[in-house]
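Everything in the sequence shown is counted per the working numbering, starting at 12 for the first residue and increasing by one.
Glycine is no exception: its CB is placed at the ideal position from the N, C-alpha and C atoms.
Here's the structure, in structure tokens; my notes come after.
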Amino acid sequence: MENQQFHTLLNAIENKEAVLGVVGLGYVGLPLAVEMVNQGFTVIGIDLDASKVDSIYNGDSYIHDISSDELKKVMQSGRFQPTTDYSMLRVIDALSICVPTPLSENQDPDTSYIETVVDQIKLHMKPGMLITLESTTYPGTTEELIQQELDKIGHEAGKDYFLCFSPERVDPSNGRFTTYNTPKVIGGTTEACLKLGTALYSKYVETVVPVSSPKVAEMSKLLENTFRSVNIAFVNEMAMMCDRMGIDIWEVIDAAATKPFGFMPFYPGPGIGGHCIPLDPMYLSWKAKGFRFYSKFIELAQSTNDNMPYYVLNKTSTILNEYAKSVRKSNILLLGMSYKPNIADLRESPGLEVYELFKESGANVSYYDPHAASFRDKHGETVHSQAFNLEQFKTYDCIVLITNHSDLPYYDIAELGVPILDTRNAFRTYNHSHIYKIGHSVQHPVFAPSEAVLV
Numbered sequence: 012m013e014n015q016q017f018h019t020l021l022n023a024i025e026n027k028e029a030v031l032g033v034v035g036l037g038y039v040g041l042p043l044a045v046e047m048v049n050q051g052f053t054v055i056g057i058d059l060d061a062s063k064v065d066s067i068y069n070g071d072s073y074i075h076d077i078s079s080d081e082l083k084k085v086m087q088s089g090r091f092q093p094t095t096d097y098s099m100l101r102v103i104d105a106l107s108i109c110v111p112t113p114l115s116e117n118q119d120p121d122t123s124y125i126e127t128v129v130d131q132i133k134l135h136m137k138p139g140m141l142i143t144l145e146s147t148t149y150p151g152t153t154e155e156l157i158q159q160e161l162d163k164i165g166h167e168a169g170k171d172y173f174l175c176f177s178p179e180r181v182d183p184s185n186g187r188f189t190t191y192n193t194p195k196v197i198g199g200t201t202e203a204c205l206k207l208g209t210a211l212y213s214k215y216v217e218t219v220v221p222v223s224s225p226k227v228a229e230m231s232k233l234l235e236n237t238f239r240s241v242n243i244a245f246v247n248e249m250a251m252m253c254d255r256m257g258i259d260i261w262e263v264i265d266a267a268a269t270k271p272f273g274f275m276p277f278y279p280g281p282g283i284g285g286h287c288i289p290l291d292p293m294y295l296s297w298k299a300k301g302f303r304f305y306s307k308f309i310e311l312a313q314s315t316n317d318n319m320p321y322y323v324l325n326k327t328s329t330i331l332n333e334y335a336k337s338v339r340k341s342n343i344l345l346l347g348m349s350y351k352p353n354i355a356d357l358r359e360s361p362g363l364e365v366y367e368l369f370k371e372s373g374a375n376v377s378y379y380d381p382h383a384a385s386f387r388d389k390h391g392e393t394v395h396s397q398a399f400n401l402e403q404f405k406t407y408d409c410i411v412l413i414t415n416h417s418d419l420p421y422y423d424i425a426e427l428g429v430p431i432l433d434t435r436n437a438f439r440t441y442n443h444s445h446i447y448k449i450g451h452s453v454q455h456p457v458f459a460p461s462e463a464v465l466v
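Structure representation (structure tokens):
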């Protein structure tokens, strides 16, 4: 049902007169807010972390995908106001919620950040506001945690306010796909909600994909990342199998990838990391259990991927045995610590688990990462990256490549002569006897063709 509030907000959106709000100015929220401003809207950003708000005011970006220069231009426009004050919700016409949704220690969804925002919306919501949840979560969250809570205080979705779910699809450091050109799925709780949500996102996203309900939109996000989790787990298992069989999994994948249909290459690694793949499938698995449905694929994939750091430890032990050494008391250098190349993001990085496993095994372990300067170990102690020093690196008993940053000097490191375990096939062009890789046995092949032969 389209009422006067609907038409007032729709008109404000079309004329870019609506005041937009973003709660959570992290890797999703800040790029979203910047894109909103770039497309001509006035935006209020809310985050309880005062240091983030101060950084934005100073034009100092803490997000890889937003440069400080770009942030300064946004601030100079006068149309972006970051704040820690939730009472600013009273002047916001359309709000996007981009807060974290981590897992608890028991691998259950932690929706406390969403619940905190909803509590503030109850206190300060502007009548006729459009609310869109972007945080990845289980199917039903939008209705259960937002709609039902606002129902309790007499606000009806589609009449007194409007409610949608549109899952974030941010891929940090992806130079090709940005907030603007990544298609955006959106589902509304009513037809009027969906119309407003689609109209708004169409102003700063190139392609908007409407679906029939928030649950469909919520499930679509989980399907995307569960698909990746399952396929990564499969190729990780294949890597361990090929290791046992003396076959190079990387060569196998390259060969299979020449098929122009019916195959999509996935690659093994030391584990899974980031904000989505380690977490999203467990949201889906948790919700499914409420329907007495148990997803064997999700649980098996999670188990396989979680085991990869242990495989890295065991593989390193096998390599050190070749040099009459043990992990205990050996000096180990982890090369890279972030969860993917060319960024500083350490969230759920498998390198963190690998580090702890080596420490527990008695190794003297350090790391070097040109992007991630430090992290806190499981005891809360700060661990700093080593300075880049090839002479120092030469003293290690083994180097384990965790993250294949493009700016690492692979040739120089390969020439050190130190045993290397490559978990990303980053040293593939170096056929040195001291370079080993996961997904292949310790013995080196007699023949390693460097290019395809046309017959």
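Sorted by chain position, which residues of the same chain lie with C-beta nearer than 6 angstroms to residue i's C-beta, five sequence neighbours on each side aside?
i    : result
F369 : I343, V376
S452 : D254, G257
E333 : none
M319 : N247, P281, G282
P467 : Because the chain spans 12 through 466 in this model, residue 467 falls outside it and cannot be assessed.
V464 : Residue placement at V464 is poorly supported in this model, since its pLDDT is 39, which falls under 50; the coordinates still yield a value, given next. Counting only Cβ-Cβ distances below 6 angstroms, and skipping sequence neighbours, we find nothing.
F308 : V241
Looking only at its chain, what residues have a beta carbon closer than 8 angstroms to the beta carbon of residue i, apart from the 5 residues adjacent to it on each side?
i    : result
V54  : V30, L31, G32, V33, A44, M47, V48, R90, F91, Q92
T19  : G139
I103 : V30, L31, G32, I55, K137, M140
L21  : K206, L207, A210
S78  : S72
V338 : L324, T327, S328, L331, F369, S372, G373, A374
Q403 : Q397
K405 : L427, G428, V429
P10  : Since the first residue shown for the chain is 12 and the last is 466, residue 10 is missing from the structure and cannot be characterised.
In this structure, does DSSP put residue i in helix, strand or coil?
i    : result
I77  : coil
K298 : helix
A168 : strand
C175 : strand
K448 : strand
G40  : helix
T53  : strand
V219 : strand
G151 : coil
G208 : helix
D65  : helix
N26  : coil
D433 : strand
K326 : helix
T200 : coil
I354 : coil
K195 : strand
T143 : strand
V34  : strand
N185 : coil
L59  : coil
L427 : coil
N342 : strand
E160 : helix
F438 : coil
With a CB to CB cut of under 7 angstroms and the five nearest residues on each side skipped, what residues in its chain are close to residue i?
i    : result
M251 : Y322
S230 : One detail in the question is off: residue 230 reads as Met in this sequence, not Ser. So the list reads P150, once near-sequence residues are dropped.
L357 : M348, S349, Y350, L363, A383, F386
I157 : V129, I142, L144, L174
N192 : E217
S223 : G198
E81  : V45
P352 : T414, N415, H416, S417
D119 : W297
K336 : D408
P221 : I197, L205, T209
E13  : A203
V263 : C253
I think residue i touches residue j, with their Cβ atoms under 8 angstroms apart; what is that distance to the nearest whole Å?
i    : j    : result
P225 : G282 : The pair is not a contact, with the Cβ atoms about 32 angstroms apart (cut-off 8 angstroms).
A467 : A244 : With the chain covering only 12 through 466, there is no way to say anything about residue 467.
L432 : L412 : 7 angstroms
T127 : Y294 : Not a contact, Cβ separation roughly 18 angstroms.
T200 : E160 : Contact flag wrong, Cβ pair sits at about 13 angstroms.
I57  : M99  : 6 angstroms
Does the ligand GTP have even one heavy atom less than 7 angstroms from the beta-carbon of residue i?
i    : result
K214 : The ligand GTP is absent from the structure shown, which contains no ligands of any kind.
**Three CB pairs or more closer than 8 angstroms across the region 203-221 and the region 158-178** = yes
**Request:** Scan the region 357-418 and note each continuous beta strand (DSSP E) run of 3 residues or more that stays entirely inside, going in chain order.
**Result:** 375-379, 385-387, 393-395, 409-412
**Prompt:** Touching or not, the region 19-29 and the region 210-230, by the rule of three or more beta carbon pairs under 8 angstroms?
**Reply:** yes
**Request:** Kindly confirm or deny that the region 157-176 and the region 141-149 touch, where touching means at least three C-beta pairs closer than 8 angstroms.
**Result:** yes
**Message:** Does the structure place the region 422-431 close enough to the region 232-251 that three or more beta carbon pairs sit under 8 angstroms?
**Reply:** no
**Request:** Scan the region 89-136 and note each continuous alpha helix (DSSP H) run of 4 residues or more that stays entirely inside, going in chain order.
**Result:** 123-135
**Message:** Going residue by residue through the region 243-323, where are the continuous alpha helix (DSSP H) segments of at least 4 residues, counting only ones entirely within it?
**Reply:** 260-267, 291-300
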